[in-house]
Amino acid sequence: MIKKDKHFFEKYSRQMIMDQVGIKGQDKIIKSEICVIGCGGLGTSVAQYLSMSGISNFNLVDFDSVSISNLNRQTLFTEKDIGKKKSKVLSKKIKEINSLAEANYFDEKVTSKNIHNFINKKAIVLDCTDNFESRLLINKYCHDHKKILVSAAIQNFDIQAFMLAPWLDNDNPCYKCIFPELTNDNEASCDEMGIISSVAGLAGLIQANLTINYILGLKTSFKEFILLDCINLDMKKISIKKNRECKICN
Ligand SMILES: [Zn+2]
46 MIKKDKHFFE KYSRQMIMDQ VGIKGQDKII KSEICVIGCG GLGTSVAQYL
96 SMSGISNFNL VDFDSVSISN LNRQTLFTEK DIGKKKSKVL SKKIKEINSL
146 AEANYFDEKV TSKNIHNFIN KKAIVLDCTD NFESRLLINK YCHDHKKILV
196 SAAIQNFDIQ AFMLAPWLDN DNPCYKCIFP ELTNDNEASC DEMGIISSVA
246 GLAGLIQANL TINYILGLKT SFKEFILLDC INLDMKKISI KKNRECKICN
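Under the working numbering, think of the first position of the sequence shown as 46, with each following residue one higher.
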């Protein structure tokens, strides 16, 4: 339980001063429990900004270690962290931002056997993975266990982001509704595609922003596909529909 003392009010004063946040909103932020799967370009940005907002309860999942080629985009990792486990380093960095935060880390690859251990009681899941196998697995778990799923993907200078909750309403789509044909054969990882620091950071920031909006009860759509072209800074929102044939959410 985080004590609401002078330090607390001072730390979050710039956001609590807004009508959309206030003491009640900050309380909702503090009490939110988050699972971040994938602690790379998206996950580090997500975790950093959600932690700064006051979110104090994280599960962080990643099986990988920090490498020198990660440092162009994976904020919070530095040259000193090379070779160390990403989830563990991220947990330490979150505690440096907020010493009262609980940041559990899991040095594991997400599978159908262990996914429950990571998400379990966390209400909001940030999918920050870079492969379709994990994304489809997380999508199914979130649907079956009624979790809010916040997802993003990056391809060169393009960002895709969306929030999903197919269990909440009969018309809400799931990830599989949007990408019915996906398999691991269609994917290319960041290593093959190339990615620049600001695009990765922005994608994570969009996820963090969607999450905060949802927590605060601000405008949230579970039927919107956000596309951001980072060269022209052109943002589009496409309405997405449930696939009535989808085997996951029907
Ligand atoms: Zn579906």
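Every residue, glycine too, gets a C-beta built ideally from N, C-alpha and C.
Everything numeric in this text was worked out from a predicted model, so none of it was measured.
Test item: CB-CB of residue i and residue j under 7 Å
i	j	result
K131	V155	no
D279	D203	no
C80	N117	no
Q65	L261	yes
G86	A245	yes
T265	N258	yes
N176	Y220	no
K281	L272	yes
H188	C291	no
F151	V195	no
E153	F108	yes
Q252	A197	yes
M63	Q71	no
Other residues of its chain near residue i: CB distance less than 7 Å, five sequence neighbours each side excluded
i	result
I309	In the structure displayed, the chain extends from 46 to 295; residue 309 sits before or after that span and is not available.
K129	S110, V111
N143	S96, S101
L250	S90, Y94
N288	P218, C222, P225
I113	I127
L213	F267
Any non-hydrogen atom of ligand 1 closer than 6 Å to residue i Cβ
i	result
C219	yes
I193	no
I293	yes
C275	no
C222	yes
Residues near residue i in its chain [Cβ-Cβ closer than 6 Å; skip 5 each side]
i	result
A210	I193, N217, F267
Whole alpha helix (DSSP H) elements within the stretch 127-178, 4-residue minimum: 131-142, 160-164
contact_flag[the stretch 47-55, the stretch 153-173] where n(CB pairs < 8 Å) is 3 or more: no
Cβ contact (3+ pairs, closer than 8 Å) linking the stretch 82-94 and the stretch 160-180: yes
Within the stretch 187-249, ranges of the beta strand (DSSP E) (whole runs, at least 3 residues): 193-200, 203-209
Length at least 4, wholly inside the stretch 78-131: the alpha helix (DSSP H) runs in chain order: 86-98
Sequence ranges, beta strand (DSSP E) only - wholly within the stretch 242-289, length at least 3: 269-274, 279-284
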